[in-house]
Each structure stands twice: as C-alpha cells, then as structure tokens.
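Notes for the one structure printed next.
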C-alpha cells in the first residue's frame with residue numbers, strides 16, 4: 480500500500496491540483512477519494528484498459544466500471560460512495576501512469592471538467 484508520506488513533491492502537488500479548486504474562496508470545490516477513483520475508471524473505460532486495471536487490482540474494475548463515456552454518466556454515480564482502502568486513489572494514479580499513455584494529462588483535464 481502506498482502511503483501519502485511516500486509521495487514525491489511533484490506527485491503531491493498534482494494530487495492537490497486534481498482534487499481541489501478555489502481553496503481560497505468561500506465555496507471551494509474538493510473532490511473525494513471516490514470521485515477521483517471514478518474519474519480514473521472513466522479514463523480506463525475510454526482507453527479500453529479495464530482488463531489491465533483488473534489484473535493489477537483484482538476485484539476493483541467490477542466496483543468502478545462506469546460502462547459509459549463521461550458525458551453519458553449520471554452525476555449521482557460519481558457521488559455514490561464505494562468502499563476503498565486509505566490512499567487507494569494514489570495507488571491507482573501510479574498504476575494509471577504505468578498503463579496509459581498521457582494518463583496524467585487526461586486525469587488533470589477530466590478533473591478540471593468534473594469540478595466545474
């Protein structure tokens with residue numbers, strides 16, 4: 480299991496950037512660990528790589544597979560909690576970097592769309 484203390488400074492900044500928007504305002508937007516994992520699931524769905532995710536994280540793809548493209552998913556799906564281990568979203572970001580070309584760019588852009 481990856482611990483938050485093992486994140487590089489660059490990874491920590493990236494995680495903060497994708498999870499937050501407007502923290503200096505009265506109404507900041509903060510994405511939950513579940514939302515980040517579901518955004519990662521959308522990326523895996525779009526790239527047809529759910530099988531690769533399942534191979535590295537058995538049982539997870541069944542729990543998070545969106546079965547649709549981002550704009551076809553009801554927003555309530557993102558808000559439904561899922562059972563996760565602490566810092567599992569960090570592990571999945573690392574896996575995504577290994578398995579999907581331009582994963583970081585895709586996650587950054589998708590999280591910006593989602594926060595808005």
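Numbering (my numbering), first residue to last: 480 to 595.
Cβ atoms here follow ideal geometry from the backbone N, Cα and C, with glycine treated the same way.
(request) Buried or exposed for residue 519, please, with buried defined as at least 16 other CB atoms from any protein chain shown within 10 angstroms of its CB. (result) By the neighbour-count rule (16 or more Cβ atoms within 10 Å), residue 519 is buried.
(request) Measure the beta-carbon distance from residue 531 to residue 578 and round it to whole angstroms, keeping in mind my assumption that it falls under 8 Å. (result) The distance from the Cβ of residue 531 to that of residue 578 is about 5 Å, consistent with a contact at the 8 Å cut-off.
(message) Counting C-beta neighbours from all protein chains within 10 Å, is the total for residue 527 16 or more, i.e. buried, or is it exposed?
(response) Classification of residue 527: exposed, given that the 10 Å Cβ count is below 16.
(request) For the alpha helix (DSSP H) holding residue 536, just list the boundary residues, first then last. (result) Taken as a continuous stretch (DSSP letters only), residue 536 belongs to no alpha helix (DSSP H), as it is neither H nor E.
(request) Leaving out five residues on either side along the sequence, give the residues of the same chain with a beta carbon under 7 Å from the beta carbon of residue 552. (result) Only 545 meet the Cβ criterion.
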